[in-house]
Structure formats: structure tokens, C-alpha cells
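Residue numbering for the sequence shown follows this note's numbering, beginning at 10 and increasing consecutively. Ideal placement from N, C-alpha and C gives every residue a C-beta, glycine not left out.
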Amino acid sequence: MSSFRVADLFRPTVLLALALMAVIVMMILPMPPLVLDIGLAASFAIAILIFTITLFIERPLDFSAFPTILLASLMLRLSLNVSSTKLIIGQGHKGTNAAGEVIEGFAMFIMSGSVLIGLVVFGVLLIVNFIVITKGAGRMAEVGARFALDGMPGKQLAIDSDMNAGAIDHAEAKARREREQAETTFFGSLDGASKFVKGDAVAGLLITLLNLVVGLAIGVAVHGMPIDRALETYAILTVGDGLVSQIPAVIISIASALLLSRGGAKGTADSELFRQLGRYPPALLTVAFLMALFALVPGLPFVPFVAGALILGVAGEAMRRKAQRSEAEAARAVAPKPDAPRKKSIGDILDLDEIHVEFAPSLVAMVLDPATGLDARIVNMRNHVAAVYGLILPEIRLTDDALLEPGEYRIRIQGVEQARDRLVPDHALALVAGDESRVPDGRDVREPVYGAPARWIPAARQEEAALAGVTVVGPTEVLATHLLEVIKRNFARLLSLKSLRRLLDECVNLSDPARAQANKRLLDELIPEKVPADLLLSVLRLLLDERVSIRNLPLILEGIAEARGASSPEAICEHVRRRLGFQLVAEIRREDGTVPLVQLAPEWEDAFSMHQVEGERGLADVALPPEKFNRLAANVAEKISKAGERGIYPAVVTSSRRRRFLRTVLGARGISAPVLSFDELGFDTKPAIIGMVTT
Numbered sequence: 010m011s012s013f014r015v016a017d018l019f020r021p022t023v024l025l026a027l028a029l030m031a032v033i034v035m036m037i038l039p040m041p042p043l044v045l046d047i048g049l050a051a052s053f054a055i056a057i058l059i060f061t062i063t064l065f066i067e068r069p070l071d072f073s074a075f076p077t078i079l080l081a082s083l084m085l086r087l088s089l090n091v092s093s094t095k096l097i098i099g100q101g102h103k104g105t106n107a108a109g110e111v112i113e114g115f116a117m118f119i120m121s122g123s124v125l126i127g128l129v130v131f132g133v134l135l136i137v138n139f140i141v142i143t144k145g146a147g148r149m150a151e152v153g154a155r156f157a158l159d160g161m162p163g164k165q166l167a168i169d170s171d172m173n174a175g176a177i178d179h180a181e182a183k184a185r186r187e188r189e190q191a192e193t194t195f196f197g198s199l200d201g202a203s204k205f206v207k208g209d210a211v212a213g214l215l216i217t218l219l220n221l222v223v224g225l226a227i228g229v230a231v232h233g234m235p236i237d238r239a240l241e242t243y244a245i246l247t248v249g250d251g252l253v254s255q256i257p258a259v260i261i262s263i264a265s266a267l268l269l270s271r272g273g274a275k276g277t278a279d280s281e282l283f284r285q286l287g288r289y290p291p292a293l294l295t296v297a298f299l300m301a302l303f304a305l306v307p308g309l310p311f312v313p314f315v316a317g318a319l320i321l322g323v324a325g326e327a328m329r330r331k332a333q334r335s336e337a338e339a340a341r342a343v344a345p346k347p348d349a350p351r352k353k354s355i356g357d358i359l360d361l362d363e364i365h366v367e368f369a370p371s372l373v374a375m376v377l378d379p380a381t382g383l384d385a386r387i388v389n390m391r392n393h394v395a396a397v398y399g400l401i402l403p404e405i406r407l408t409d410d411a412l413l414e415p416g417e418y419r420i421r422i423q424g425v426e427q428a429r430d431r432l433v434p435d436h437a438l439a440l441v442a443g444d445e446s447r448v449p450d451g452r453d454v455r456e457p458v459y460g461a462p463a464r465w466i467p468a469a470r471q472e473e474a475a476l477a478g479v480t481v482v483g484p485t486e487v488l489a490t491h492l493l494e495v496i497k498r499n500f501a502r503l504l505s506l507k508s509l510r511r512l513l514d515e516c517v518n519l520s521d522p523a524r525a526q527a528n529k530r531l532l533d534e535l536i537p538e539k540v541p542a543d544l545l546l547s548v549l550r551l552l553l554d555e556r557v558s559i560r561n562l563p564l565i566l567e568g569i570a571e572a573r574g575a576s577s578p579e580a581i582c583e584h585v586r587r588r589l590g591f592q593l594v595a596e597i598r599r600e601d602g603t604v605p606l607v608q609l610a611p612e613w614e615d616a617f618s619m620h621q622v623e624g625e626r627g628l629a630d631v632a633l634p635p636e637k638f639n640r641l642a643a644n645v646a647e648k649i650s651k652a653g654e655r656g657i658y659p660a661v662v663t664s665s666r667r668r669r670f671l672r673t674v675l676g677a678r679g680i681s682a683p684v685l686s687f688d689e690l691g692f693d694t695k696p697a698i699i700g701m702v703t704t
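Dropping the structure here:
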């Protein structure tokens, strides 16, 4: 059991608990006037502190503790009201200082010796707080809470969309969801707290009436005070108590209204106010002119209006000149600067970018946006390719090209154009599937990756389409998805000898020293004595050409070493594929454990044997007549397409010696379905034949 320490009393949690307990004690036990004065001063300090903080914060959510502080200050004021009521009713006959000097001082200063003035001032403060500020702040809290709650599904959908497109990772998505949840909770709590503020205003009126009526009755009936003296004494005490309570309440109500009026704006209130007013110098100059006209109206005071006109005129002219300077600086910054002629070397001319994305100038702001642009997605794209396929992507260069049409972009691999399409900024691409009536009106196009029907719709209608069940993606996501698909089609080209060396270096650059040392011993043992670098490069390219992951590089090296006596890299690759069979099958295995397959009818095997020829390096090849070649490709494509309509994505299975030829047939038709051999399936595979390709 830990011992008690005096320092524990000064922990924030303990201090807060003690403060709240003190507030409760003030409601129960009688408080001397000095303690009441301290409490009232603290109430004023807290109210002014809250008001000041609301001016300095940049976002409403930065003051998320506001609802709690609002209730705590309300609880303090009510406890002070209870304590002051006990002093006014119980000790009021002793004089106007019976409830402390704070109440007496406020009453004397504001009332100016007149009870009627004090009552009027108190009534005005009560009306302003109850009817104007509290009612308006309560309405803003209700609307803010409802909008935050209604907009939450759309914001969650946008977060999921960004994460799926690779713009953000799981950690950033989680942080955004937490921020959205905190915002919804904040506005909901503030909506509830505003009801307490409204009740506080009503309580202030009732407590004031109670103090005046009951105090006057007790002073006259119990203490025998003359009615005029009793009325004056209890009026001073009552009005002073009401003012001391209402002024902090008004300050906190204004702070609440200021916080709610900020909405989703960023930046402090003062900076935003002056920045936005300063945007329109003509407005300030117009008001200055009107103030000058008012100064000339007979009967109106000349000095105040002239002073106002001068202040606004000077401010407007200063803002106008500042705006002109800013525009001139912006124009100079945008103007092209003549570059000093730089002589390019032959090496610079011959150098090619491995991956190069060019886009029209109209897309620069969107593509290069630091938060949602293509750069932000490329990082996640690199991680995805490395994790799934085991390939380290080279540098991806992004440049604008004035020769491209507006909205157009082009993707080059090793200097050769591989894809070109158009984007529409400030729009979203809705995939048209099934009922087109669900998709808002727009420009019909073909989705660039798979050629599916799609439609560019205004970004303002993106949420509407998403709620209707339509898949909607932003233009940057379209570009990122298209780029990733082009990269996948060119995996084999992107694996160069330079990238292979980096891949081998990363195999020994592990955080676990033991595993790094084991990989280093394996590489030293196999490369280059048993596995030459050029052979390893050829086999890895063959695997990547069929989008087979090379992440399990140690197993691939072992497979190459086992089959190094084969006549060609293709034969070695087939052996490596058999070693990777468990990996190939796992990629297409369904949740029920079965593997969907499309099989060739035996007649095709007879046709292959009939047209078998001697291929390169002594390998058997097939030379089908064009009509049979096209029929085979069409029949396989039909089976795969029908399976896809049912949500099934099968592999094509055949014998080991025909697998590579069949992959060539499908590749000629642009069919990316995997082609497996029976040897790669393994004994524990549960095949599910969903189609038979006949002749």
C-alpha cells in the first residue's frame, strides 16, 4: 500500500476534485463574507479567462473541454448564489456590507445611488443574456450538433475512400476518425450545456426576486426595520448580487456564442476578422464616405462621425495599397524567370526516367497538392508493391507538360508512353454499373484501368452518389490507380540489375540481426557461384511478368540453385513456380478453402500434341493455327468473364509442359487471369472446377 504524500494534494486531478467539493460545501455550510468575496472574484476571473481563450484558439475543437468548464462555472455561480442568498436574508438587516464587499461595491458603483438605475441595469443584462445571447447560442449549438451528426457518414466514407486509394495509411485514417468522433461529441456536449446556461439565466431572475421579496418581508416583520430603509438595503444587496452573478454569466454566454460561430474555421478570431475585413477595401471606403455624409446632416454630432470617417478611410486606403502590393508580388512570383542557359551533357540527354508521369498545367495544383496529391499516394504505393510483390519501385518523376491538352496526363515507362487519359478537376468519377438513374448527370467516359463505363460528376454531388450506392473516386485516385496498374503491367521491365542489387542489399538490412546474418550467409553461399546474377534476374523477371510475388527471395534462390542444370531460365522458372505453389494457390483460395479453376478439355491437349514443335533451347512449343489459337483464347475469355459476373475470379489450370504456352495465349488477348499447372496445386488443394474450355 503506497503511503500518502503532501505533494499528491497538488496533482491536477486532486485539485479539481477538491475544488468541486468546495463548491458543494458552499451550498450547504454558511460562508463568511470574505470567503464569498473570494468566490465571486474567482467567478469573474474564470469567466474572463474562458472568454479570452475563445478569442485565441484556432479551431473550436482546440477547446474541447469548454462544455465541462461551462458546467463547472455554472455550478460555482449557483453555489455563490445560494451562499449570498443566505447572507442577504439572514444578515441583511445589519447593513449593505452583510453579503461582502464585492456585492456592495458593484451595487454602489453601477446603481450610482439610485435603486431604480440598478434594477434597470440588472433587467437589461438579464434580457440581453436570456433572450438574445443564450437563445442564439442554444440554436447554434443545436444546428452544429445536428450537422456534425448528419455529416459523419459522409466524412467516414471519404476517409475510407482515401485509405483505399492509398492517399493515407491506417494510422492517419484512425486519427481522422477519432477527430470526427471528437467533433461530433463536442458539439453534442455543447448543445446539452447550452440548456444549462438558459436555465442559469432563469434561475438568476428567480433568485433576485426571492431575495428582494423575502428579504424585505424579514427585515420589516422580524427585525423591525422601517420599510423605506429595508427596501433600500435589500434592494442594494439584491441588485448587487444579481449583477455579480449576471455579468460573468453574460461573459460566458458570449464566449459560448463566439466559439459556436467559428464553425469549421481555422485561425484565431482576431486574425480571421481583420484578414477577412481587409479583403474588401472598397467596403471600408464606402462606409467612410457615408459617415462623412452623416457628419454634414444638421442636428447630428459632427466630431464622432468625422472621426469614424477618418479612421475607416485611413484603414481602407491602407488595405487597398497592401492588396495592390500583394498582387504585384504574386505576379512577380508567377512570372517566368529567365533561366541561365545550362549546357546538357550527353549523359543527361541519354538518361531515361524509369517511371515518368506527365500532366497538363491545369492539373498541377491537384497532382502536386501536398496533402491529397499524387506524391502523398506514391509513398503508400511503394509500400504496397514492396509488401505484395516484393519489388522496390524506382523513382517516380512528376512533371507538367504544356503540350498536353487540358486535363490530360501521360505515363511513360523507361521513356516509352504506356498510357494516356484525361482527368476533370473539381469532379469525381462515378462507375456506372446497373441502374444509370442512380448516377448524377455528367460526362460519360470509360474508366481508364479496366475500360468500364463511368461518368464524371461535379464534386458537389459526390456524396449524393455515394449515398445512392454508386462507387465514386476522385480524380487523383483515378490517376493513382491507373499508374499502379501500368506499373504492374511493366513489373518485369522495372526490375533492372541496379534494382536487383538494391533488393539483395535490403535482404540483409533487417532490424533482427540474426535473420539478417542468416540471409547474408545464404546470399554469399549461392550468389554468384550457384546462382549467377543474370540468371536470377531472368527468373525474377519471368515471375513478375505473371505478377507472382518475389518477396520470398530466399526460397526462390533455393529453387534456382536446385534447377540450375536446366537448359533455360524458362525451365528453371517453372521449377521455382512449383516451389512457390503454396503461395500461388493461397492468392486465389476462397474463404471456404476451395480454389476456383477453369480447365481445358482433353481435346485441347490432343491439339497441342498434334501441333507441337521444337522451340528455342530445345524446349517443346506449340504452333496452333490462327483459327484455333483465336478460338482457344476466346473460349477461355468467355469462361473467365462469366465467372467474374458471379463474383468468382478463377485461375486456368493445365499441364506443366503447356502452362507457359497457355499463358502466352491469354497474354495475347490481354487476359490477366493466373495460369497454374497441376503440379503447382499441391496435394492439400481443394479444386473447384467452375468451367471446362471445349474445342
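TODO: Pull up the DSSP beta-bridge partners for E417, would you.
DONE: Here residue 417 refers to the residue found at position 408 of the sequence shown. Bridge partners of E417: R431.
Task: Backbone CA spacing between G197 and P290 [nearest angstrom] - done: To locate residue 197, count along the sequence shown from 1; it is residue 188. To locate residue 290, count along the sequence shown from 1; it is residue 281. Cα to Cα, the separation comes out at about 39 Å.
TODO: Determine the direct distance from the alpha carbon of T22 to that of M10, and round the result to whole angstroms.
DONE: Here residue 10 refers to the residue found at position 1 when the sequence shown is read from its first residue. Here residue 22 refers to the residue found at position 13 when the sequence shown is read from its first residue. Because M10 carries a pLDDT of 45, less than 50, the predicted location of this residue cannot be relied on, and no value is offered for it.
TODO: Specify, as a first and last residue, the run of the alpha helix (DSSP H) that H4 falls within.
DONE: Since the first residue shown for the chain is 10 and the last is 704, residue 4 is missing from the structure and cannot be characterised.
Open item on the list: I need the boundaries of the alpha helix (DSSP H) containing M300, first residue and last residue.
Closed with: Position 291 of the sequence shown, counted from the first residue, corresponds to residue 300. That run of the alpha helix (DSSP H) goes 290 to 304.
Open item on the list: Distance check for G208 and P235, CA to CA, integer angstroms please.
Closed with: On the sequence shown, residue 235 is found 226 positions in, with the first residue counted as 1. On the sequence shown, residue 208 is found 199 positions in, with the first residue counted as 1. Here the alpha carbons of G208 and P235 stand approximately 35 Å from one another.
- [ ] Would you check if the distance between the CB atom of G602 and the CB atom of V585 is smaller than 9 Å?
- [x] To locate residue 602, count along the sequence shown from 1; it is residue 593. To locate residue 585, count along the sequence shown from 1; it is residue 576. No. Outside cutoff.
Open item on the list: Closer than 8 Å is the cut-off here; do at least three beta carbon pairs connect the segment 397 to 405 with the segment 500 to 508?
Closed with: Judged by Cβ distances under 8 Å, the segment 397 to 405 makes contact with the segment 500 to 508, as three or more pairs qualify.
Open item on the list: Please tell me whether S254 and I216 are closer than 9 Å, where the distance is taken between their beta carbons.
Closed with: Walking along the sequence shown from the start, residue 254 turns up at place 245. Walking along the sequence shown from the start, residue 216 turns up at place 207. In this structure, I216 lies closer than 9 Å to S254 by Cβ.
Open item on the list: Ignoring anything shorter than 4 residues, give me the alpha helix (DSSP H) runs that lie fully in the segment 17 to 98, in order along the chain.
Closed with: For the segment 17 to 98, the full-length alpha helix (DSSP H) segments reaching 4 residues or more read 21 to 37, 42 to 65 along the chain.
Task: C-beta contact flag for L633 and V661 at 9 Å - done: Your numbering for residue 633 matches position 624 in the sequence shown. Your numbering for residue 661 matches position 652 in the sequence shown. No.
Task: Rounded straight-line distance, which links the Cα of N644 to that of L593 - done: The residue labelled residue 593 in the question sits at position 584 within the sequence shown. The residue labelled residue 644 in the question sits at position 635 within the sequence shown. Approximately 24 Å between the Cα atoms of the pair.
TODO: Alpha carbon to alpha carbon, how far is T480 from E473? Give it in angstroms, no decimals.
DONE: As a working mapping, residue 473 is identified with position 464 in the sequence shown. As a working mapping, residue 480 is identified with position 471 in the sequence shown. For E473 and T480, the distance between alpha carbons rounds to 11 Å.
Task: Assigned exposure category for V702 - 16 Cβ within 10 Å defines buried - done: The residue you call residue 702 lines up with position 693 of the sequence shown. So V702 counts as buried.
- [ ] Confirm, please, whether the CB-CB distance from A301 to V315 is below 9 Å.
- [x] To locate residue 315, count along the sequence shown from 1; it is residue 306. To locate residue 301, count along the sequence shown from 1; it is residue 292. In terms of Cβ geometry, V315 and A301 form a close pair [threshold 9 Å].
Open item on the list: If I measure Cβ to Cβ from A525 and keep anything under 6 Å in the same chain, skipping five residues before and after, which residues do I get?
Closed with: The count along the sequence shown starts at 1 and reaches residue 525 at position 516. Within its own chain, the residues whose Cβ lies closer than 6 Å to the Cβ of A525, once the five positions on either side in sequence are excluded, are V517, L519, listed in chain order.
Task: Residue of A304, E336, D357, A292 minimising C-alpha distance to E326 - done: Within the sequence shown, the letter at position 317 stands for residue 326. Per the Cα distances, A292.
- [ ] May I have a chain-ordered list of the beta strand (DSSP E) segments no shorter than 3 residues that lie completely inside the segment 674 to 699?
- [x] Fully enclosed beta strand (DSSP E) runs of 3 or longer: 684 to 686.
Task: Straight-line Cα distance separating T143 from S262 - done: Taking the sequence shown and counting its residues from 1, the one referred to as residue 262 is at position 253. Taking the sequence shown and counting its residues from 1, the one referred to as residue 143 is at position 134. Roughly 6 Å separates the two Cα atoms.
TODO: Look at A468 and V454 and say whether their C-beta atoms are less than 9 Å apart.
DONE: Start at 1 with the first residue of the sequence shown, and residue 468 comes out as number 459. Start at 1 with the first residue of the sequence shown, and residue 454 comes out as number 445. In this structure, V454 does not lie closer than 9 Å to A468 by Cβ.
Task: DSSP state of H365 mapped onto helix, strand, coil - done: For the purposes of this step, residue 365 is taken as the residue at position 356 of the sequence shown. Three-state DSSP puts H365 in a strand.
Open item on the list: I'd like the span of the beta strand (DSSP E) that includes V662, first residue to last.
Closed with: Stepping through the sequence shown from its first residue, residue 662 is reached at position 653. Its beta strand (DSSP E) spans residues 660 to 663.
Task: Distance between L488 and T673 (C-alpha atoms, nearest Å) - done: Locating residue 673 in the sequence shown gives position 664, where the first residue counts as 1. Locating residue 488 in the sequence shown gives position 479, where the first residue counts as 1. For T673 and L488, the distance between alpha carbons rounds to 29 Å.
- [ ] Using a Cβ-Cβ cut-off of 9 Å, state whether A437 counts as contacting chain B.
- [x] Although the question refers to chain B, the structure presented lacks it and comprises just one protein chain.
Task: Presumed contact (8 Å Cβ cut-off) between S265 and S203, rounded CB distance - done: Here residue 265 refers to the residue found at position 256 when the sequence shown is read from its first residue. Here residue 203 refers to the residue found at position 194 when the sequence shown is read from its first residue. The pair is a contact, with the Cβ atoms about 7 Å apart (cut-off 8 Å).
Open item on the list: Using CA atoms only, rank isn't needed, just tell me which of F195, E486, E538, P563 is closest to A527.
Closed with: Here the question's residue 527 lines up with position 518 in the sequence shown. Nearest C-alpha to A527: P563.
TODO: Give the DSSP-derived three-state secondary structure of D409 in the structure shown.
DONE: Sequence index remark: in the sequence shown, residue 409 carries index 400 (1-based). Of the three classes helix, strand and coil, the one that applies to D409 here is strand, per DSSP.
Task: Opening and closing residue of the beta strand (DSSP E) in which T603 lies - done: Taking the first residue of the sequence shown as position 1, residue 603 is located at position 594. 603 to 609 is the extent of the beta strand (DSSP E) around T603.
TODO: Using a threshold of 9 Å, state whether the C-beta atoms of L609 and L544 are closer than that.
DONE: By 1-based counting over the sequence shown, the position of residue 609 is 600. By 1-based counting over the sequence shown, the position of residue 544 is 535. With contacts defined as CB atoms closer than 9 Å, L609 and L544 fail to qualify as a contacting pair.
Open item on the list: Do Q423 and D360 count as a contact pair if the criterion is CB distance below 9 Å?
Closed with: By one-based count along the sequence shown, residue 360 stands at place 351. By one-based count along the sequence shown, residue 423 stands at place 414. Between D360 and Q423, the C-beta spacing is not below 9 Å.
Open item on the list: Our contact map puts P449 next to R431 with C-beta atoms below 8 Å; I'd like the distance itself, whole angstroms only.
Closed with: Looking up residue 449 in the sequence shown gives position 440. Looking up residue 431 in the sequence shown gives position 422. Contact doesn't hold; Cβ gap of about 19 Å is too wide.
- [ ] Measuring alpha carbon to alpha carbon, tell me which of R511, L29, G460, R550 ends up nearest K497.
- [x] Stepping through the sequence shown from its first residue, residue 497 is reached at position 488. Looking only at R511, L29, G460, R550, the smallest Cα-Cα distance to K497 is reached by R550.
Open item on the list: If you follow the alpha helix (DSSP H) that V454 is in, where does it begin and where does it stop?
Closed with: Working through the sequence shown from its first residue, we reach residue 454 at position 445. Per DSSP, V454 belongs to no alpha helix (DSSP H); it is in the beta strand (DSSP E), 452 to 455.
Task: Alpha-carbon spacing of V557 relative to A395, whole angstroms - done: Counting from one through the sequence shown, the residue named residue 557 turns up at place 548. Counting from one through the sequence shown, the residue named residue 395 turns up at place 386. About 12 Å.
Open item on the list: When you compare the CB positions of F75 and L268, do they come within less than 9 Å of one another, or not?
Closed with: One-based indexing of the sequence shown puts residue 75 at position 66. One-based indexing of the sequence shown puts residue 268 at position 259. Yes, the pair counts as a contact, with Cβ atoms nearer than the cut-off.
Task: C-alpha gap between V296 and R329, whole angstroms - done: Here residue 296 corresponds to residue number 287 of the sequence shown, with the count starting at 1. Here residue 329 corresponds to residue number 320 of the sequence shown, with the count starting at 1. Going by C-alpha positions, V296 is about 14 Å away from R329.
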